[in-house]
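**Q** In order, the protein sequence lines correspond to chains A and B.
So for the first sequence, my numbering puts the first residue at 1; every next one is plus one.
So for the second sequence, my numbering puts the first residue at 1001; every next one is plus one.
Protein chains: 2
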Amino acid sequence: MKRKVTLKQIAKELDVSVSTVSKALRNSKEISLDTRTKVQAFAKLYNYRPNNIALSLKNKRTKTIGVIIPEIVHHFFSKVISGIEQEANNRGYNVIIGLSNESFDKEVINIEMLANGSIDGFILSVAKETLLLQDYHHFYETINQGMPIVMFDRVVNEIACDKVVVDDKLGSKKAVAKLIDSGCKNIALITTKDYVNVGKLRTQGYLEALEEHKIAPKASLIIKVGENKDKDIEIETLEKEISALFEKEKDIDGIFAVNELYAISAMKIAIQKGYKIPEELSIIAFTDGVLSKHSIPALSTISQHALEMGKKSATMLIDKLEELVEEEKYQTEVINTTLIERDTTK
Amino acid sequence: MKRKVTLKQIAKELDVSVSTVSKALRNSKEISLDTRTKVQAFAKLYNYRPNNIALSLKNKRTKTIGVIIPEIVHHFFSKVISGIEQEANNRGYNVIIGLSNESFDKEVINIEMLANGSIDGFILSVAKETLLLQDYHHFYETINQGMPIVMFDRVVNEIACDKVVVDDKLGSKKAVAKLIDSGCKNIALITTKDYVNVGKLRTQGYLEALEEHKIAPKASLIIKVGENKDKDIEIETLEKEISALFEKEKDIDGIFAVNELYAISAMKIAIQKGYKIPEELSIIAFTDGVLSKHSIPALSTISQHALEMGKKSATMLIDKLEELVEEEKYQTEVINTTLIERDTTK
DNA sequence: TGCTTTCACGCAAACGTTTTCGTGTTGAAA
DNA sequence: TTTCAACACGAAAACGTTTGCGTGAAAGCA
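1. Decide if N228 (chain A) is buried, meaning its Cβ has at least 16 other Cβ atoms within 10 Å, or exposed.
2. If you draw a straight line from the C-alpha of N1052 (chain B) to the C-alpha of E141 (chain A), how long is it?
3. Name the residue from A:V150, A:K79, A:N116, A:S82 whose alpha carbon lies nearest to the alpha carbon of T1006 (chain B).
4. For my contact list, V1080 (chain B) and G1310 (chain B) are in at a C-beta cut-off of 8 Å; report their separation, rounded to the angstrom.
5. Please state the DSSP three-state secondary structure of L132 (chain A).
6. Relative to the C-alpha of Y1262 (chain B), which residue among B:I1283, B:N1157, B:K1320 is closest?
7. Are the C-beta atoms of A1054 (chain B) and some chain A residue less than 8 Å apart?
8. Grab me the residues of A11 (chain A)'s own chain with a C-beta within less than 8 Å of its C-beta, minus the 5 sequence neighbours each way, in chain order.
9. Give every residue of the same chain whose Cβ lies closer than 7 Å to the Cβ of N1027 (chain B), excluding the five residues on either side of it in the sequence, and list them in chain order.
10. Is any beta-carbon of chain B found at less than 8 Å from that of R202 (chain A)?
11. Which of helix, strand or coil does DSSP assign to K1106 (chain B)?
12. In the DSSP assignment, what are the bridge partners of T142 (chain A)?
13. So which residues on chain A does E1085 (chain B) lean against when the C-beta distance must stay under 9 Å?
14. Under a three-way DSSP split, which group does V1164 (chain B) fall into?
15. Can you name, in chain order, every residue of its own chain whose Cβ lies under 6 Å from the Cβ of N1094 (chain B), other than the five neighbours on each side?
16. Can you list, in chain order, the residues of its chain whose CB lies under 8 Å from that of G183 (chain A), leaving out five sequence neighbours each side?
17. Quick one: is N90 (chain A) near chain B, going by C-beta distance under 8 Å?
18. Any chance the CB of V108 (chain A) is under 7 Å from a heavy atom of the ligand NAP?
19. Using a 10 Å radius around the Cβ and a threshold of 16 neighbouring Cβ atoms, would you call G92 (chain A) buried or exposed?
20. Ordered along the chain, which non-local residues of its own chain (more than five positions away) have a Cβ less than 7 Å from that of K1023 (chain B)?
21. Within 10 Å of its beta-carbon, does D230 (chain A) have 16 or more other beta-carbons around it, so buried, or fewer, so exposed?
22. Which same chain residues, not among the five before or five after A160 (chain A), have their C-beta less than 8 Å away from its C-beta?
23. In this structure, does DSSP put V155 (chain A) in helix, strand or coil?
24. Pick helix, strand or coil for S1056 (chain B), following the three-state DSSP scheme.
25. Beta-carbon of V166 (chain A) versus every beta-carbon of chain B: anything under 8 Å?
26. K224 (chain A) by DSSP, collapsed to three states: which one?
27. Does the Cβ-Cβ distance between R202 (chain A) and D168 (chain A) come in under 8 Å?
28. Out of A:Y46, A:A88, A:P50, A:H74, state which residue places its alpha-carbon closest to the alpha-carbon of T315 (chain A).
29. Going along chain B, which residues have a C-beta under 9 Å from H294 (chain A)?
30. What residues of chain B sit near L57 (chain A), judged by a beta carbon separation below 9 Å?
31. Fully enclosed by the stretch 1161-1213 of chain B, which alpha helix (DSSP H) runs are 4 residues long or longer?
32. Please specify which runs of the beta strand (DSSP E), each continuous and at least 3 residues long, are wholly inside the stretch 1224-1312 of chain B, giving them in chain order.
33. Among B:P1217, B:V1225, B:A1177, which residue has its Cα nearest to the Cα of V1196 (chain B)?
34. So, does the stretch 65-73 of chain A touch the stretch 95-107 of chain A, judging by three or more C-beta pairs under 8 Å?
35. From the DSSP output, in three-state form, read off L25 (chain A) for me.
36. Can you name the start and end residues of the alpha helix (DSSP H) that G349 (chain A) belongs to?
Here's what the structure looks like:
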């Protein structure tokens, strides 16, 4: 087993100095053609590759981006990662991943682990617990140490950093307007509690759409889902609530859910109860993912263009890292949403 | 903005040497209690954290694991990553991700990028194109340089390294046996082309199960799906084939698909054609994911325990890295499969 | 006083690079 | 023959750590 070969070893072998080897490999004309070709041949033979760690230390940059997301087993987040990775790789950067599992502590630990030189900057989406606790010291500290952060989707407005968000309110309005336009009169909303800002915004969009169409909102048509660490239990509870909702509100003809899973759960109950979709009941979900695409019937959704979000986030971060953009100038990029009409809308 | 503080800066500020600071921080009794407390207080105040890169260079280990997978927007792979990340974090390791997108070139590039000091070892699942080309030089080179590799799921048998696999053949047999036991007589198989080894093994399991139950296999009941870079087109093509299959073979009463998506596609066509599931047609998919869990009706599947695969892979790699296990001793861990009965089987 | 410990700290090397600044040799111009 | 530029290369510093070893001063002992 031949271990990794270093400049020093090549130098010793060829009886020249380390600096000569380094220069020869970079084709410096300071070195004679003779020596250059000799060194290069030797390096090729032994498959020499400069040690990234040493380069990082010297250059004070790692060419690595740290990404921290709440969970990875999730279509939206994995798609964003995919986008980040594409853009990062194109620009010669690596991506290192940390998962917070929606936990404040894990988010802090991950940030601290990575912030000590391992990476050049962060792209992250804030954990729900952090949002709930409203403790953002780890973000401030990171930024203070001169490490740029780009937040996407779940952002904290009061923090001065670049952000990539979806126009949640407008997206929701689009969805609800579509439902109304297609004839729905009693549209239920399945959303999260208000401390999740995207949930809150989507709720606002729902309300505004109703208002603009002169429809009075009814509190009894709104379900705000409580968090549960165990997703299965969360969904089970939700399904009971939905079931109760259908019993109580017999004239529901439209459902808008703030994510796929809530929508699918609603659809499942609706199908059980014999609703014809979309004739008697239309459904639209925020967030487009595999579930929507492959459900039967296929769900109409608001696509957030997760891939684009990822790419855009990476672009903004790398631009800042490479100083193509002013350091203290923070931007918030809004990604458009698109209504994807499938089989649950008329 | 206060930049990251280093030992040197602390040393200068406190008018001692760098080594004194270093020792003081590690609470060496070589340093007087006075100085120790003073240094520690100062370090705390300025939030000193040792630079990971410098430590990596010095210790010749990065405490980082490189993971290369074909795609991340995929329930199985993201679940495996989740498992790897859990175990790695527990043991104080970071995880850095590379995506091959099933491409040989990207796989090679990713490995080369990471192998030059950025990480201590690899966990990977081989790209389909690599499997097709059968060019494994990048794996051999990596191993030769003393960097351990753990392959999971899509492995190359001839390479000497640790492996974590699922008993694909046995899993398939379980599934097909279940179909037969519940009364199915004409079971169709939807699988991949044979160069994908897991597909091949699952096909074998299907055939063996039939054989053991004295059922003669019929080639006309088997669909081998061709790859297409564009997944949508691949699925569209598949759906046409499935549709044709139903037309030609009227007495199909069971379907075994080697992954969720193929199964869902089949179910979609079957529902369109009016089959009652599971009464007239049973379906089982290999690979358990969100789609299966939330489809309507919910798909019965063979679970591969992706999380466990991830954890096990990480355990094996880290054990090797920390020399808790002999270097030249390679193991192949087989993860059990479980039949998860949901609503598409009787 | 002279010797030996002990204490408390600094020096320097090492990890693998890149790069600036010498420096010795050669050949040519004066 | 002297002077000087060009050439080809080496030494050393720097990035931020850790650690073995050396050392000056104080203190203890005879």
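C-beta: ideal position from N, C-alpha, C; glycine also.
The structure presented is a predicted model; accordingly, all values stated were derived computationally and were not measured.
**A** Let me spell this out:
1. exposed
2. 17 Å
3. A:N116
4. 4 Å
5. helix
6. B:I1283
7. yes
8. S17, V18, T20, V21
9. R1036
10. no
11. helix
12. According to DSSP, T142 (chain A) bridges with nothing at all.
13. I72, I97, G98, L99
14. strand
15. T1064
16. D253, K346
17. no
18. Among the components of this structure there are no ligands whatsoever, and the ligand NAP is therefore not found.
19. exposed
20. E1030, I1031
21. exposed
22. I143, Y330
23. coil
24. helix
25. no
26. strand
27. yes
28. A:A88
29. I1235, E1260, L1261, I1264, S1265, K1268, L1291, S1295
30. N1051, I1053, A1054, S1056, L1057
31. 1168-1181, 1197-1212
32. 1254-1257, 1282-1286, 1300-1303
33. B:V1225
34. yes
35. helix
36. The question about residue 349 (chain A) has no answer, for chain A in this structure spans 1 to 346.
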